[in-house]
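Undergrad: Dumping the structure here so I can ask a few things about it.
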Amino acid sequence: ELEAALRGLGITHDTTVILYGRDTEGHANEKWPGRRAGQIAACRAALILRYAGVDDIRLLDGGYDHWVQAGNPLETVPREPVPVASFGVQIPRRPEVIIDIDDAKRILSDRGHAALVSVRTWKEHIGAVSGYNYIVPAGRIAGDIWGNCGSDAYHMEHYRNVDNTMRAYPEIAANWKEAGIRADKWVAFYCGTGWRASETWFYAYLMGWPRIAVYDGGWFEWSQNPITNPIEVGVPVEV
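Here the numbering used here is used: the first residue of the sequence shown is 56, the next is one more, and so on.
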């Protein structure tokens, strides 16, 4: 299905793909809050394209809103894609960028050389809220590292400037280093369902970190079975 979708869009493994989204004001308690998180969705698409095998993936910094504010032109008529017969390589070409729950547990068992990073709000991290209107359990994966995100499950202010562009690499890397998130580790990011985690994954990808991934099931999957998947709530003892 993924290959068919990409071929239908005219995308091959050596196509340069530039992604962007449009962010609007909204809150996590809306019925469909994700529709307001366009730039996060663009990063989610970047992860999927990387997983599939696309080599050159780029993100329009600041997205649609920044483009418009800069006075750049817009179109109102959609462009029809030209389908291609072959993607060019077998999908997935890079399965390692999306990990499952077993890999997440392997990371947690080797915290000296690996890190599972929670890209969630502080309230989500300590279990005050789940962060989503469709996820009931609240808490965090035991043994994770808090990587922050923004004000709620659909905003990433901690990683963006006030104009919605990406914060400077050194700022992000310095914050991560202080938390124990380093380029020499196997680093996997998670959130509720992989969207916010995809944005931080993309930033690490741009920084050239060699072994990075998204735990796609995230809190939604992990929290379904607290007997086999350890959960913590409250302020971490190390804080």
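Cβ coordinates follow ideal geometry from the N, Cα and C atoms, glycine included.
Quick check: what's the CA-CA separation for I181 versus A268?
TA: Going by the C-alpha atoms only, they are around 23 Å apart.
Undergrad: Can you check which of these residues, V132, T131, C98 and D110, is closest to G118 by C-alpha distance?
TA: Looking at the Cα atoms, C98 is the closest of the given residues.
Undergrad: Determine the DSSP secondary structure at D157, reduced to helix, strand or coil.
TA: In this structure, D157 counts as helix in the three-state DSSP scheme.
Undergrad: Could you say if the stretch 221–241 and the stretch 269–279 meet the contact criterion of at least three C-beta pairs nearer than 8 Å?
TA: No, the stretch 221–241 is not in contact with the stretch 269–279.
Undergrad: Applying the 10 Å Cβ sphere with the 16-neighbour rule, what's the burial state of G76?
TA: So G76 counts as buried.
Undergrad: Ignore the nearest five residues each way along the sequence and tell me which others in T67's own chain have a CB closer than 6 Å to its CB.
TA: The residues are V139, F142 and G143.
Undergrad: For K240, collect the residues of the same chain with a Cβ closer than 7 Å to its Cβ; drop the 5 residues on either side in sequence, then sort them by chain order.
TA: The residues are H168, A169 and A170.
Undergrad: Sort R222, K178 and L261 by Cα distance to A238 and report the nearest one.
TA: The candidate whose alpha carbon is nearest that of A238 is L261.
Undergrad: Exposed or buried, Y224, counting other C-beta atoms within 10 Å across all chains shown (16 or more means buried)?
TA: So Y224 ends up on the exposed side.
Undergrad: Could you tell me if I153 is buried or exposed, where buried requires 16 or more neighbouring beta carbons within 10 angstroms of its beta carbon?
TA: Per the 10 Å Cβ criterion, buried.
Undergrad: With DSSP run on the structure shown, which of helix, strand or coil describes Y119?
TA: Correct three-state label for Y119: helix.
Undergrad: Can you name the start and end residues of the beta strand (DSSP E) that I190 belongs to?
TA: First-last for I190: undefined, no H or E at that position.
Undergrad: Measure the C-alpha to C-alpha separation of Y189 and G247 and round it to an integer number of angstroms.
TA: For Y189 and G247, the distance between alpha carbons rounds to 10 Å.
Undergrad: Can you say whether Y176 is buried or exposed, counting buried as having 16 or more other CB atoms within 10 angstroms of its CB?
TA: It should be pointed out that residue 176 corresponds to Thr in this sequence rather than to Tyr. Classification of T176: buried, given that the 10 Å Cβ count is 16 or more.
Undergrad: Kindly indicate which residue of S164, I236, N280 and A197 has the alpha-carbon position closest to the one of W264.
TA: The shortest Cα separation from W264 among S164, I236, N280 and A197 belongs to I236.
Undergrad: With burial defined as no fewer than 16 other Cβ atoms inside 10 Å of the residue's Cβ, what is the status of E56: buried or exposed?
TA: Looking at its Cβ environment, which holds fewer than 16 other Cβ atoms inside 10 Å, E56 is exposed.
Undergrad: If A101 and L74 are in contact, beta carbons under 8 Å, what's the gap, nearest whole angstrom?
TA: Their Cβ separation, rounded to whole angstroms, is 6 Å, which keeps A101 and L74 in contact under 8 Å.
Undergrad: Give the C-beta separation of C204 and V242 to the nearest angstrom, bearing in mind that I take them to be a contact with Cβ-Cβ under 8 Å.
TA: About 16 Å; that fails the 8 Å criterion.
Undergrad: Is it a yes or a no for the stretch 154–168 touching the stretch 111–128, going by three-plus beta-carbon pairs under 8 Å?
TA: Touching, no.
Undergrad: Rounded to the nearest angstrom, what separates N284 and M221 at their Cα positions?
TA: Each residue's Cα considered, the two are about 33 Å apart.
Undergrad: Quick check on R113: does DSSP put it in helix, strand or coil?
TA: It is a strand residue.
Undergrad: Under a three-way DSSP split, which group does S278 fall into?
TA: Correct three-state label for S278: coil.
Undergrad: If you reduce the DSSP assignment to three classes, tell me which class Y245 lands in.
TA: Strand, per DSSP.
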